[in-house]
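Each residue of the sequence shown is one higher than the one before, counting from 2 in my numbering.
Even glycine gets a Cβ: it sits at the ideal position worked out from N, Cα and C.
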Amino acid sequence: MNLAQFSTRRPVAVTMVILVLIVLGTVSLTRISIDLLPKMTLPIAAVMATYPGAGPEEMEELVAKPLESVLATVSNVDSIQSISSADAATIIVQFNWGTDMDFATLDMREKIDLALSRLPDGVDRPMVVKFDPSMMPITILSVSSEGRDLASLKTLLEDKVAPRLERIDGVAYATVMGGPQEEVRVLVDSRRLAGYGFSLAQLVQALKAENLNMPGGTIDQGTREFILRTTGEFKSLDELRNLVLMSPQGVGVRLGDLADVEEVEDQKEYTLLNGRPSIGIMIQKEAGANTVKVADQVHREMDRLSRELSGIKYSYVFDQAKFIQRSIGNLTSNAVSGAVLAIIILYLFLRNVRSTLVIALSIPISIIATFTLVYFNGLTLNMMSLGGLALGVGMLVDNSIVVLENIYRHREEGESRLLAAQNGAGEVAMAITASTLTTIAVFLPIVFIQGLTAQIFRELALTVTFSLLASLLVALTVVPMLASKILVINGNGGTTPGRPGVFYRASHWVGRRLAALNDRYRALLAWALDHRRGVLLGAAAAFILSLLAVPLVGAEFFPATDAGRLSVSVKLPSGTTLEETDKVAERVGQIVSAYPEVETVFVSAGRSLQGGNMSGSDSNTASLNIELKPKSERRRSDREIADAIRRQVAKIPGAEIRVSVSDVMSMGGGGVSQAISLSIRGDDQNVLRGLAAKAEALVAEVPGTREVQTSFSEGRP
2 MNLAQFSTRR PVAVTMVILV LIVLGTVSLT RISIDLLPKM TLPIAAVMAT
52 YPGAGPEEME ELVAKPLESV LATVSNVDSI QSISSADAAT IIVQFNWGTD
102 MDFATLDMRE KIDLALSRLP DGVDRPMVVK FDPSMMPITI LSVSSEGRDL
152 ASLKTLLEDK VAPRLERIDG VAYATVMGGP QEEVRVLVDS RRLAGYGFSL
202 AQLVQALKAE NLNMPGGTID QGTREFILRT TGEFKSLDEL RNLVLMSPQG
252 VGVRLGDLAD VEEVEDQKEY TLLNGRPSIG IMIQKEAGAN TVKVADQVHR
302 EMDRLSRELS GIKYSYVFDQ AKFIQRSIGN LTSNAVSGAV LAIIILYLFL
352 RNVRSTLVIA LSIPISIIAT FTLVYFNGLT LNMMSLGGLA LGVGMLVDNS
402 IVVLENIYRH REEGESRLLA AQNGAGEVAM AITASTLTTI AVFLPIVFIQ
452 GLTAQIFREL ALTVTFSLLA SLLVALTVVP MLASKILVIN GNGGTTPGRP
502 GVFYRASHWV GRRLAALNDR YRALLAWALD HRRGVLLGAA AAFILSLLAV
552 PLVGAEFFPA TDAGRLSVSV KLPSGTTLEE TDKVAERVGQ IVSAYPEVET
602 VFVSAGRSLQ GGNMSGSDSN TASLNIELKP KSERRRSDRE IADAIRRQVA
652 KIPGAEIRVS VSDVMSMGGG GVSQAISLSI RGDDQNVLRG LAAKAEALVA
702 EVPGTREVQT SFSEGRP
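As structure tokens, then:
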């Protein structure tokens with residue numbers, strides 16, 4: 002007994018299985034995580050080490066090279082690159098694809114522990130981190146308050162708002178950006194310090210040692226045990242001023258006699274929203290969390306906080322969830338439109354309502370069954386998986402049409418509905434199975450390759466495979482079962498007359514056109530058979546011309562999309578003060594805000610908005626996040642606006658300004674990177690610097706290049 006015979010003889014059992022699949026698929030759909038792109042595990046890890054007071058050369062010789070030598074012994078290492086700057090060094094380790102990064106980072110930590118004795122005293126313990134695209138922020142909020150200054154607002158956000166947001170399931174960090182930071186400043190009088198025989202290092206060490214709460218052990222008294230604590234943290238400025246320090250001569254000296262102790266507000270980062278000072282909150286999600294769900298919970302929590310804390314107002318500077326919902330919504334809409342269009346075309350061709358109904362029911366059943374397979378295989382709903390599903394919608398009906406057409410033929414030959422369903426489906430079962438497997442064979446190998454391409458397109462291949470397998474199962478079970486119950490053949494060749502309505506007239510119009518097209522095709526086929534040599538030569542010429550045209554076709558990893566978001570990075574010479582950087586960034590913000598297509602401009606001077614908590618912060622750098630108005634409300638594309646901004650900001654002297662257009666990869670956590678990178682290697686920094694300058698000048702002359710720059714930057718003066 003084949004599947005068709007079982008489904009027609011056991012319609013109740015098949016119906017129950019269909020209902021179970023519908024329930025499973027519906028529940029699975031509600032639990033599948035939603036993201037922009039598939040989860041990417043990149044074989045990259047970084048080691049970050051700090052050595053306060055050291056210059057770039059010292060960092061390279063004393064810290065970076067010893068760490069590189071031990072990291073080179075880790076298994077499956079492909080390449081190691083280090084970046085040394087003042088006070089810090091970053092070693093980037095790239096592994097072979099397929100490496101288990103959990104074990105790799107554990108091995109890196111063990112190797113570093115063995116090398117700690119080779120590092121100079123004063124080097125902070127190196128930190129090992131895996132590169133994870135989920136480190137990118139999913140949401141950036143701008144918060145303002147009436148009746149509060151920025152200092153008190155920042156304290157409120159750090160003490161009450163950020164902890165509440167971090168308690169949300171799926172939120173990893175809620176980082177407060179901008180605003181003045183309250184701190185205690187100790188201004189040392191160097192002459193007094195030298196007069197008492199103190200060094201600055203001794204003073205710093207003494208302050209660290211005194212400002213501690215330490216455990217004091219326990220005291221047993223009878224049947225009770227008491228815990229002792231020594232509280233040494235400073236609670237007031239007077240307590241700090243009255244701290245007694247012992248000089249090398251054994252004389253007690255108050256800190257207030259050596260230095261001025263005062264409480265100040267230090268600004269280490271400036272943030273502006275549309276030219277007005279504000280405080281930002283950057284939200285990062287946990288790995289594997291549902292981006293849309295997390296962003297929605299953040300929105301609801303901020304609504305509650307704005308009601309609880311009077312005067313608090315917030316607005317979204319960047320919301321990845323909106324782009325995800327818009328992109329996935331467009332894909333879903335296209336898939337639904339394609340399915341509806343397929344059903345309409347089927348009716349126009351079949352001209353039978355019941356036959357069309359059989360095919361129409363097979364589409365949602367196949368899709369729902371696909372969701373079940375997607376969920377149990379740990380995939381997510383993203384542009385790739387939904388793109389695969391949209392791609393598969395057109396192929397979902399192929400198997401069902403072939404089966405139904407054969408059943409239809411058997412009915413026209415006079416067989417009963419039951420017998421026609423069994424024989425019609427059974428005859429083509431092997432043919433449609435072979436056809437489905439050949440299509441799957443095109444997509445499935447993507448699952449077994451390695452590299453970034455496999456990371457991105459694996460879910461597309463699996464979704465297409467799942468949808469085709471589901472459609473095959475539906476074609477061999479559901480279609481015969483439904484055909485045996487509802488398929489009717491009329492005396493007019495299968496056309497259901499009904500009333501002469503719009504669809505009836507349209508179907509007959511299509512039928513007449515198809516008949517005419519069939520006659521023309523017969524004539525064309527007869528001509529082709531009489532002129533075989535000419536047809537073959539024409540086909541060969543078309544094939545050769547298509548091969549010659551391949552180099553003329555552009556190539557992109559992802560097609561250009563108008564995400565409605567731009568980012569601008571500003572870099573001034575090393576040593577530039579934060580105040581000067583803020584002025585330049587504010588000037589760039591004013592230029593950008595003048596464009597009518599721009600909706601919001603968020604400026605952050607002193608921090609990059611691209612790397613989350615791992616982003617670098619320096620007084621000479623600034624970032625601008627630009628949100629454009631919806632595409633329907635502007636005439637120019639995001640790339641045209643970016644080109645116009647580039648031309649204007651290029652006039653600002655002394656600043657290195659780059660304007661980037663956000664695409665699918667950057668919105669999904671891939672960051673904004675250069676399209677082409679050249680690597681120049683050698684042992685002499687001066688020679689490398691000269692070669693890099695020459696290469697930069699040569700590349701800048703190549704048509705189509707812009708914003709050419711080298712990774713070398715001058716150190717702090």
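Less than 7 Å between C-beta atoms, sequence neighbours within five positions excluded: which residues of the same chain meet that for residue i?
i    : result
G494 : Confidence in G494 is poor, its pLDDT being 41 and thus under 50, which makes the residue's placement unreliable; the coordinate value appears in the next sentence. So no residue of the chain qualifies.
A290 : G171
V709 : E697, V700, A701
T219 : E226, F227, I228, L229
G683 : L689
I447 : A455, F458, R459, A462
L68  : V48, A50, I92, I113, A116, P127
A1   : Only positions 2 to 718 of the chain appear in this structure, which leaves residue 1 out of reach.
T466 : I441, F444, L445
Considering only the beta carbon of each residue, do residue i and residue j sit closer than 8 Å?
i    : j    : result
M385 : P39  : yes
N484 : V341 : Correcting the residue type first, residue 484 is Ala in the shown sequence and not Asn. Going by C-beta atoms, A484 is not nearer than 8 Å to V341.
V599 : L629 : yes
V253 : Q591 : Per the sequence shown, residue 253 should be read as Gly rather than Val. No, the pair does not count as a contact, with Cβ atoms beyond the cut-off.
M109 : P44  : no
L157 : L382 : no
R149 : G312 : yes
L393 : T464 : First, the residue type needs correcting, since residue 393 is Gly and not Leu in the sequence shown. Yes, the Cβ-Cβ distance between G393 and T464 is below 8 Å.
K269 : G607 : yes
K161 : G180 : no
D133 : A288 : yes
Could you give the C-beta distance for residue i and residue j, rounded to a whole number, given that I count them as a contact under 8 Å?
i    : j    : result
A651 : V571 : Between V571 and A651 the Cβ distance is about 12 Å, and since that is not below 8 Å, they are no contact.
A370 : V404 : Between V404 and A370 the Cβ distance is about 17 Å, and since that is not below 8 Å, they are no contact.
R165 : L306 : 6 Å
G415 : G339 : About 36 Å separates the two Cβ atoms, so there is no contact after all.
T9   : L419 : 6 Å
T106 : A65  : Contact doesn't hold; Cβ gap of about 19 Å is too wide.
V144 : Y315 : 5 Å
V511 : L349 : 4 Å
I346 : L387 : No, I346 and L387 are not in contact; Cβ-Cβ is about 22 Å, not under 8 Å.
Smallest Cα separation from residue i: which of the options?
i    : options                : result
A422 : I408, I19, L382, M137  : I408
G26  : I433, N378, Q206       : N378
L469 : L483, A435, V448       : A435
S638 : G565, I23, Q649        : G565
Q686 : S85, Q222, T439        : S85
E184 : D108, E266, V15        : E266
V604 : P704, M178, A65        : M178
L22  : R301, I169, V479       : V479
I642 : S594, L689, I677       : S594
M60  : D125, V359, Q6         : D125
V71  : W98, L117, I45         : L117
A336 : I313, E598, S307, L397 : L397
T16  : I450, D114, A432, V475 : V475
S200 : Y271, V551, M102, S248 : S248
M215 : A152, Q222, I368, G233 : G233
S568 : S575, G555, T601, A5   : T601
R588 : L273, L208, D79        : L273
F235 : D221, G223, L208, Q250 : L208
Y317 : R301, E211, L310       : R301
Y596 : D619, D563, D644       : D644
T357 : V130, V536, H411, I402 : I402
Which same chain residues, not among the five before or five after residue i, have their C-beta less than 8 Å away from its C-beta?
i    : result
G613 : Any reading at G613 must be qualified, since the residue scores a pLDDT of 49, below 50, and its modelled position is unreliable; the value itself is stated next. Only M136, M137, P138, Y174, T176, M283, Q285 meet the Cβ criterion.
D297 : A322
Q95  : P44, I45, V78, D79, S80, I81, Q82
In chain order, what residues of the same chain lie with their CB nearer than 6 Å to the CB of residue i, ignoring the 5 residues before and after it?
i    : result
I487 : R355
L30  : F372
T496 : Only weak support is given to the placement of T496: the predicted model assigns it a pLDDT of 43, under 50, and the value that follows is read from those uncertain coordinates. The answer, listed in chain order, is R352.
I364 : A340, L397
Y197 : S248, V254
Query raised in the report: Is the region 38-58 touching the region 86-99 in the sense that three or more CB pairs, one from each, lie closer than 8 Å?
Result: yes
Query raised in the report: Is the number of C-beta pairs between the region 325-334 and the region 438-445 that are closer than 8 Å three or more?
Result: no
Query - At least three beta-carbon pairs within less than 8 Å, the region 251-263 to the region 178-197 - result: yes
Query raised in the report: On the three-pair Cβ rule with 8 Å, is the region 313-321 touching the region 140-158?
Result: yes
**Report entry** Touching by the beta-carbon criterion (3+ pairs, under 8 Å), the region 577-591 and the region 540-560
**Finding:** no
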